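In this note's numbering, the protein residues as written are 306 to 916.
Below is the structure:
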């Protein structure tokens, strides 16, 4: 089980002002209503999430690189320096904000590993807890008897972790999530929750979300779409619930947690091998299929896409290649002729990894040489000092992103698509801390703050006596055991708030006002604890930053819109905006009705100012 932190008692006006209340369910627009907006400023929208990219990073890079692609795009677009992403600032709710226009309350997505009080556990757990109809006491029921009358009568005790990350795949060690080993299937249905209100069927990622997506609205209007992200199965959530119809036409999400190796070029000192577009080549060293190098070349060890800057940039190149192929009127593999997507989207992981890594590790034997690694002075990640200056690994990541954005721009230009394409650069989440001097971690992790390490996390403090599920990064979300007393748990956390490094907490009426009522919404946490800025509830010695929290470092993300439909190019709009506004803006740019999105209807999400 993953653990991640919760929020303390009075979160303050800034948090409350940004929180949303539960809304009544909305209805999708009819096909006739989808085209309610008749003028289409753009034929294509390219949505890029540079995970971890702060508004301050964008400003810093443009100022210090005036001839960069980002600076060029800024000259043709509008920057929103006060853009905020979701709270919690996890990738999963951050993604859904961009694709549905809904926040965690409306979408029901708080974290990639959340909890749902109404679901039953995955079948790979073998049994479900319930009430024995004979004795009236607790009992366990094998999933073989799921449809037995006693089970159907509702005696099972619901409530389970709702996990939607790499662990729901057949084999996350492979870039394809194990599809090549399982007849093309990626999702292992025994690893996701079951819905007792739907014949105990597994809740697939796309059916976990509550609202339709921009891809479903576009598809209903006959448009072609493409999407790429970091987990092979989990990010099929972008398709949206089945009841709203088909979603993404061309889906491609290579697994970030998979083992990979960057292919060396022996003719150039074993530096990374580049293809004709200047993109790095990677192989899956765990299987002989689809590799250009023998597995024996990598017997000295394996590394994942997030283990180094070299690896993550090469991993991101898989998705860059897909976008370039799609711009050229092909599918993501480049082998099948398809329409150029009206909406195509991808995320970059390089900046997020560059912010997190303590230092660049040694490359795997047999893989390409790593210019960022030195046995004596390896390059470090994160920021330097207190002013937000990127360190060497983060600087490399930012330059890498700028270079790849330049490739997108050049390819759009070569295909005659520039004047009809809008490019949106934003981020699902930021990362904390920017000021490395505030960093406090648990034993084993890096601590720069003079206050010293964190001795205990909120979930570690309460334990399973109180908590059914907890998730902790630089935030702590806790769903309590059935019958557990919330105020008793809060009292214990209040007494231990120094050792738990808790700054504020949400619970009770404040939770209900800021998010939803845990008593009526099955996914709302009972307690959220926000630690002091700089605190990460982890003892990992491999990271110096995390996300998920409510601080400005986590939530104030970059947002740049350039190209078709921009009426005031070269400007900065200081108004407070939210990443949920991206979804309806995309539809409006394409001449589609933003009200076709059910989340937009439910919470009244507006398009970005200027559109």
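For every residue, glycine included, the Cβ atom is placed at its ideal position computed from N, Cα and C.
Every value quoted in this text rests on a predicted model; they were computed, and no experiment measured them.
- Per DSSP, residue 409 is one residue of the alpha helix (DSSP H) stretching across 409-412.
- Each of 777, 711 and 691 was checked against the Cα of residue 738, and the nearest Cα belongs to 691.
- Secondary structure within the region 516-581: the beta strand (DSSP E) runs of 3 or more consecutive residues, fully enclosed, are 530-532 and 564-567 (chain order).
- Beta-bridge pairing by DSSP links residue 689 to 694.
- For residue 467, the enclosing beta strand (DSSP E) starts and ends at 465-468.
- Taking the Cα of residue 768 as reference, the smallest distance to any Cα among 786, 755, 426 and 612 is reached at 786.
- The region 665-673 and the region 642-655 do not touch, with fewer than three beta-carbon pairs separated by less than 8 Å.
- Judged by DSSP secondary structure, residue 420 falls within the beta strand (DSSP E) whose first and last residues are 418-421.
- If the five residues before and after residue 510 are omitted, its C-beta is found closer than 6 Å to the C-beta atoms of 469, 539, 541 and 542, all from its own chain and listed in chain order.
- Here the alpha carbons of residue 512 and residue 703 stand approximately 35 Å from one another.
- In this chain, the alpha helix (DSSP H) harbouring residue 367 covers 360-369.
- When C-beta atoms of the region 515-535 are compared with those of the region 397-417, three or more pairs fall below 8 Å, so the two segments count as touching.
- For residue 916, the three-state secondary structure derived from DSSP is coil.
- About 6 Å separates the Cβ atoms of residue 910 and residue 889, confirming a contact at the 8 Å cut-off.
- Excluding its 5 nearest sequence neighbours in each direction, residue 417 has C-beta neighbours in its own chain below 7 Å: 395, 396, 397, 469, 470 and 539, listed in chain order.
- Excluding residues up to 5 positions away in sequence, 885, 888, 889, 902, 904, 905 and 910 lie with their Cβ nearer than 6 Å to the Cβ of residue 406 in the same chain.
- Nearest in C-alpha terms to residue 553, of all of 648, 792 and 504, is 648.
- Boundaries of the beta strand (DSSP E) around residue 653: 648-653.
- The beta carbon of residue 579 sits closer than 8 Å to the beta carbons of 570, 585 and 586 from its chain, once the five residues preceding and following it are set aside; these are given in chain order.
- Here residue 429 is exposed. Its C-beta has fewer than 16 other C-beta atoms within 10 Å.
- The DSSP-derived three-state label of residue 716 is helix.
- When the beta-carbon positions are compared, residue 632 and residue 722 come within less than 8 Å of each other.
- For residue 350, there is no enclosing alpha helix (DSSP H); the enclosing beta strand (DSSP E) has its first and last residue at 349-355.
- Look at residue 898 here: in three-state DSSP terms it is coil, with no helix or strand label.
- Taking a cut-off of 8 Å for Cβ pairs, the region 840-849 and the region 813-828 do not touch, as fewer than three such pairs fall below it.
- For residue 769, the uninterrupted alpha helix (DSSP H) run begins and ends at 763-771, by DSSP.
- For residue 491, the closest of 476, 497, 752 and 582 by C-alpha to C-alpha distance is 476.
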